[in-house]
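Chemist: In my numbering, the protein residues as written are 1138 to 1306. Glycine included, every Cβ here is placed at the ideal spot set by N, Cα and C. Every value quoted in this text rests on a predicted model; they were computed, and no experiment measured them. One structure is given below, represented as structure tokens, and several questions about it will come after.
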């Protein structure tokens, strides 16, 4: 598996020029919660999309999260078609029930534990920010600790959607 964190580069330089093998192809490219920063200029947006899509193999996916209005920009120019789109909260509610998905979120340290313990602190000192988690934790048959976000973090994610584009042949 090859993993890169290239976001600043994605906006400034062509990825293909940086690869040891410029013919290298990827199965997946991903851009999480920063995609909208590429829209400062048309040139930056185009370069970012080219970097995300150009070296995908046919059938490969470009996945990400973005503020709701931006996801329509790319499809045809880079031979991509939208195959999946949901709001972040819909996607989360559907997938957090799966133990593999929950484990992945924990490994990525994407969620905070509720209730907190000596090892884990919450991102907010306001108890009101975790009323939603407390209600869920107090429900019968709930396995603790829960993985959650603070109220303000959930509000911020509500403007995002999760998307997947597939590279056409």
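Judging by CA-CA distance, which residue of 1276, 1184, 1215 is the nearest neighbour of residue 1196?
Modeler: Considering only alpha carbons, the answer is 1215.
Chemist: Judging by CA-CA distance, which residue of 1170, 1188, 1175 is the nearest neighbour of residue 1161?
Modeler: Measuring from the Cα of residue 1161, the nearest candidate turns out to be 1188.
Chemist: For the beta strand (DSSP E) containing residue 1199, list its first residue and its last residue.
Modeler: Segment 1193 to 1204, the beta strand (DSSP E) holding residue 1199.
Chemist: Determine the DSSP secondary structure at residue 1244, reduced to helix, strand or coil.
Modeler: If DSSP states are grouped into helix, strand and coil, residue 1244 belongs with the helices.
Chemist: Less than 6 Å between C-beta atoms, sequence neighbours within five positions excluded: which residues of the same chain meet that for residue 1208?
Modeler: Residue placement at residue 1208 is flagged as unreliable, the pLDDT there being 48, under the threshold of 50; a coordinate-derived value is accordingly withheld.
Chemist: With residue 1250 as the anchor, note down where its beta strand (DSSP E) starts and where it stops.
Modeler: Run containing residue 1250: 1249 to 1251, per the beta strand (DSSP E) assignment.
Chemist: The alpha helix (DSSP H) that contains residue 1292, what's its start and end?
Modeler: Here the alpha helix (DSSP H) through residue 1292 covers 1288 to 1294.
Chemist: Check whether the Cβ atoms of residue 1202 and residue 1176 lie closer than 8 Å to each other.
Modeler: Contact: no.
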